[in-house]
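In my numbering, the protein residues as written are 1 to 339.
Cβ atoms here follow ideal geometry from the backbone N, Cα and C, with glycine treated the same way.
Every value quoted in this text rests on a predicted model; they were computed, and no experiment measured them.
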């Protein structure tokens with residue numbers, strides 16, 4: 001695709017074939033030399049464990065065009081560390097942090113023409129993943145693996161950008177207690193497809209999952225993390241072994257504490273205590289921050305700040321985070337890697 005044909009101001013979150021992707025294989029007990037390739041089709045054995053047993057994990061991070069023309073990668077070391085934890089959970093070989101970051105930089109450089117211009121609100125989204133491959137049929141770890149990274153230019157995940165959306169509490173679970181909820185693996189997302197579809201058919205942006213053990217505490221908002229701002233200005237976010245530790249969530253915790261002076265609480269968010277919050281939001285790499293207008297639970301819609309306007313604390317958090325990512329606001333030490 002020619003980048004001249006892309007309407008940068010109307011980008012969504014859709015697949016667009018870009019020029020190059022990184023590909024590396026693991027076999028005979030070691031990672032082989034990686035390479036950039038034009039081919040966006042993977043060639044794997046029909047017996048691959050990724051296909052039959054879900055032995056795979058993935059990541060998501062972004063590269064941003066700055067005002068001075070330079071390119072920022074946002075906290076790739078944290079994505080590398082999370083992928084390593086996911087690989088360990090699924091008995092897959094880990095990609096070293098330095099190799100992970102260098103591969104990300106190679107992909108960004110090779111696809112620089114697809115980075116949305118500064119000021120459009122877009123970014124270049126990178127999707128690293130590791131999958132189990134090779135001839136196999138037994139329920140065991142794969143004999144071979146692929147590590148790959150591709151990228152696409154993206155805009156807002158939810159249509160309308162920074163506008164409030166309503167969400168529906170789901171009766172389904174996205175992960176089991178002591179399961180893979182804290183790992184970024186495909187099975188968690190496969191489990192969310194039907195609940196998310198049902199929520200959207202009911203005219204909600206997505207569904208919210210409660211803790212799988214008691215169904216009394218908020219855990220995740222679709223594929224994003226939850227946060228709430230209490231009436232006494234505390235930043236509250238769920239703390240659970242079933243919650244994926246998001247990089248955006250981690251970043252907002254630090255910004256809320258150091259830049260906005262908010263007290264941060266990582267703990268239980270009881271579904272019957274929604275009135276404690278004056279604002280609420282979902283956060284993640286794809287969505288960045290999506291303000292939550294209201295949450296429907298047991299046929300009642302609880303509205304936070306507004307269904308149409310974004311609360312002031314959420315606005316400040318969004319401005320601070322996106323400013324850091326785009327280079328307009330000074331970043332905490334180590335958060336930005338220049339490409």
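Taking a 10 Å sphere around the C-beta of residue 69, we find fewer than 16 other C-beta atoms and assign the residue as exposed. Taking 8 Å as the upper bound for CB-CB distance, residue 187 and residue 323 are not in contact here, some 35 Å apart. Cβ contact annotation for residue 12 (same chain, cutoff 6 Å, sequence separation greater than five): 155, in chain order. Per DSSP, residue 65 is not a residue of any alpha helix (DSSP H); the beta strand (DSSP E) it occupies stretches across 61-65. Shortest Cα-Cα distance from residue 35 to any of 22, 44, 47, 45 involves 22. In terms of CA proximity to residue 335, 61 leads the group 37, 123, 61, 190.
Uninterrupted alpha helix (DSSP H) stretches at least 4 residues long and entirely within the region 223-290 occur at 247-258, given in chain order. According to DSSP, residue pairing for residue 43 in a beta bridge does not occur. For residue 50, the three-state secondary structure derived from DSSP is helix. Within the model, the alpha-carbon separation for residue 328 versus residue 214 is close to 43 Å. By the Cβ neighbour-count rule, residue 32 is exposed, with fewer than 16 other Cβ atoms within 10 Å of its own. Exposed is the label assigned to residue 41, since fewer than 16 other Cβ atoms lie within 10 Å of its Cβ. Going by DSSP, residue 337 is part of no alpha helix (DSSP H) but of the beta strand (DSSP E) stretching over 336-338.
The three-state reading of DSSP puts residue 27 in strand, counting E and B together. Cβ-Cβ distances below 7 Å link residue 255 to 317, 320, 321 in the same chain, with the five nearest sequence neighbours on each side left out; the list follows chain order.
Look at residue 21 here: in three-state DSSP terms it is strand. Within the DSSP secondary-structure output, residue 206 pairs in a beta bridge with 167.
Scanning the region 61-99 from its first residue to its last, the whole beta strand (DSSP E) runs of 3-plus residues come out as 61-65, 71-74.
By the 16-neighbour rule on beta-carbons within 10 angstroms, residue 165 is buried. Around the C-beta of residue 109, fewer than 16 other C-beta atoms lie within 10 Å, and the residue is accordingly described as exposed.
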